[in-house]
Amino acid sequence: MIDKDGYRPNVGIVLCNGRNEVFWGKRVRQDSWQFPQGGIKHGETPELAMFRELREEVGLRPEHVRILGRTREWLRYDVPREWVRREWRGHYRGQKQIWFLLRLTGRDIDVCLRATEHPEFDAWRWNDYWSPVASVVEFKQQVYRLALEELQHFLQVDNQPAKVRRAYGYGMKAHNGRY
Numbered sequence: 001m002i003d004k005d006g007y008r009p010n011v012g013i014v015l016c017n018g019r020n021e022v023f024w025g026k027r028v029r030q031d032s033w034q035f036p037q038g039g040i041k042h043g044e045t046p047e048l049a050m051f052r053e054l055r056e057e058v059g060l061r062p063e064h065v066r067i068l069g070r071t072r073e074w075l076r077y078d079v080p081r082e083w084v085r086r087e088w089r090g091h092y093r094g095q096k097q098i099w100f101l102l103r104l105t106g107r108d109i110d111v112c113l114r115a116t117e118h119p120e121f122d123a124w125r126w127n128d129y130w131s132p133v134a135s136v137v138e139f140k141q142q143v144y145r146l147a148l149e150e151l152q153h154f155l156q157v158d159n160q161p162a163k164v165r166r167a168y169g170y171g172m173k174a175h176n177g178r179y
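Now the structure itself:
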């Protein structure tokens, strides 16, 4: 389902733990890391899509998380033409997303990257709140920054730039795909 402007409705998920570190997933068979995200199906609300994507990509159910907040408006990013499927070229521009900030109320062991037959991630780790902005693929960086800026008031998060915080090695505990 693509809107008249060429954007596919989507949800993004910022899942944080009790230390305000965020879940960072490694795409299957790629050296690419990102937040969980996915399309909104016809008839689905953004919240229902978020819970479905959370279950499919991270293996967590509603009882494992608490919603802390969401972005007020759609945030958009354009996908580079070479990344767009040929059949979509000409009418597809990118994604428009509603972002949710969730608190993990369950445990790390509740994360299950193999909750479906087609997992999105093969590893994950907790990261400092701001470091994903500099680490995600370039065309998503602006949306990540906007989402994190808007959602930060739901947490008490240091406004320190990601570059400085990464220099000190904050939030780099990794988990392999066995979860």
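Residue 1 is where the sequence shown starts when you use UniProt numbering, and the numbers rise one by one after that.
Glycine is no exception: its CB is placed at the ideal position from the N, C-alpha and C atoms.
Since the structure is predicted, the reported quantities are computational estimates derived from the model, not experimental observations.
By alpha-carbon distance to Arg81, the top candidate from Phe139, Phe51 and Leu151 is Phe139. A distance below 7 Å separates the beta carbons of Asn10 and Gly39. Secondary structure of Asp108 (DSSP, three-state): helix. Annotated three-state conformation of Trp83 is helix, per DSSP. Ser131 is classed as buried because its beta carbon has at least 16 other beta carbons within 10 Å across all chains shown. For Glu117, the closest alpha carbon among the candidates Lys26, Val58 and Asn17 is that of Val58. In the displayed model, Phe100 falls within a strand according to three-state DSSP. Counting only the Cα atoms, Pro36 lies some 14 Å from Pro46.
Around Glu120, the same chain offers Glu57 as residues with beta carbons nearer than 6 Å, after the five sequence neighbours per side are excluded.
Tyr7 places its beta carbon 7 Å or farther from that of Arg85.
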